[in-house]
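Residue numbers (our numbering): -1 to 217. Every residue, glycine too, gets a C-beta built ideally from N, C-alpha and C. Remember, predicted model here, so these are calculated numbers, not experimental data. The structure under discussion appears below in the form of structure tokens.
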Ligand SMILES: [Zn+2]
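Dropping the structure here:
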């Protein structure tokens, strides 16, 4: 079955249902947004939404970057600034998936890097940035997150909190979110198997990363 097309809200409904169904996150742990390419507004999940019970009525249309909303929509997620600040810094980004996946957050809290172990991890993520803890929903966290991805990184772990994964489409952002948590789960397994030594799990060989950087890699 192909990925749902059409309305961006339908695509985000799919992301929310799949994220919960596959154990990427528990029911209300995160928020999702998308915009038409180049738009100064984005759709974002409403405050208090359950990710596996979304429908078109659970989204707000808000302005970038100030979060102004049109009447008739529910209140946006309290973390809307995390989305709008990043859209403002990254004109190429049209979808942001913010989730609270447990293994990515646990490893980062313990000071371990999430390793890019497979070709998929490297292809979809390439680089994973982190930012220290700050209050969820705060302007400070939103600005730190936007700064961390300003140079083109598309996967970010927010300390003791969650991830923010970016792409030019909802489908690609979804693939990146899935690969981020799988990379974390494989890193976690590797650390268990090696009793935490070495602290840095071996990553995919550099020669594959070099083919990615030259745009030659196929997976
Ligand atoms: Zn959050």
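- Classified as exposed, residue 73 has fewer than 16 neighbouring CB atoms from the shown chains inside 10 Å of its CB.
- For residue 160, there is no enclosing alpha helix (DSSP H); the enclosing beta strand (DSSP E) covers residues 160 to 165.
- When the five nearest sequence neighbours on each side are left out, no beta carbon in the same chain lies closer than 7 angstroms to the beta carbon of residue 145.
- Residue 78 sits in a helix when the DSSP states are folded into three classes.
- Residue 0 sits exposed, since fewer than 16 C-beta atoms from the chains shown fall within 10 Å of its C-beta.
- Between the region 91 to 105 and the region 157 to 171, the count of Cβ pairs shorter than 8 angstroms is three or higher; the stretches touch.
- Non-local C-beta neighbours of residue 182 in its own chain, meaning closer than 6 angstroms and more than five positions away in sequence, comprise 101, 102, 105 and 112, ordered along the chain.
- The criterion of a C-beta distance shorter than 8 angstroms is not satisfied by residue 168 and residue 18.
- Here residue 133 is not bridged, per DSSP, to any residue.
- For the set 194, 50, 164 and 34, the Cα lying nearest the Cα of residue 59 is the one of 34.
- Between residue 128 and residue 154, the C-beta spacing is below 8 angstroms.
- Annotated three-state conformation of residue 102 is helix, per DSSP.
- If you check the C-beta of residue 77 against ligand 1, you find a heavy atom less than 7 angstroms away.
- The DSSP-derived three-state label of residue 29 is strand.
- For a cut-off of 8 angstroms, the C-beta gap from residue 202 to residue 115 is around 6 angstroms, short enough to register as a contact.
- CA-CA distance, residue 47 to residue 8, rounds to 15 angstroms.
- The alpha-carbon of residue 156 is positioned some 31 angstroms away from that of residue 69.
- Counting along the chain, residue 156 sits inside the beta strand (DSSP E) bounded by residues 153 to 156.
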